[in-house]
Amino acid sequence: MASTATTLDRLRRDQTATVTSVNIHGPQRRRLMDLGMLPGTRIHIDRVSPLGDPTAYLVRGSVIALRREQARGIHITVEQE
Numbered sequence: 022m023a024s025t026a027t028t029l030d031r032l033r034r035d036q037t038a039t040v041t042s043v044n045i046h047g048p049q050r051r052r053l054m055d056l057g058m059l060p061g062t063r064i065h066i067d068r069v070s071p072l073g074d075p076t077a078y079l080v081r082g083s084v085i086a087l088r089r090e091q092a093r094g095i096h097i098t099v100e101q102e
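With this note's numbering applied, the sequence shown corresponds to residues 22 to 102, in that order.
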């Protein structure tokens, strides 16, 4: 199984990824880490709003909604079959 490095805002609905790093600073970083957005965590899209922003992601059994700008700061490796 191959993998591709990118950022969370580029993840498609049919893909699963693993967080590699969180490149966000300050209180937002702490909030995301408290919610389980840590390196090694598997993530996939749960729902997309009608206009495409925000997007809800399934992370460790919880649904977390992120704006595109926030998702751009989360680096992932996309699992490809």
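For every residue, glycine included, the Cβ atom is placed at its ideal position computed from N, Cα and C.
Per-residue burial, residue i [other beta carbons within 10 Å of its own, 16 or more giving buried]
i   : result
T76 : buried
V69 : exposed
A26 : exposed
Q91 : buried
L87 : buried
L72 : exposed
Residue closest to residue i, alpha-carbon to alpha-carbon, out of the options
i    : options             : result
D30  : H65, Q49, G82       : H65
V84  : G61, E100, T28, L53 : L53
E100 : D55, Q49, G61       : G61
8 Å Cβ cutoff met for residue i and residue j
i   : j   : result
R34 : G57 : no
R63 : T37 : yes
G94 : V43 : yes
R89 : D67 : no
(message) At 4 residues or longer, what runs of the alpha helix (DSSP H) sit wholly inside the region 22 to 58?
(response) Runs found: 48 to 55.
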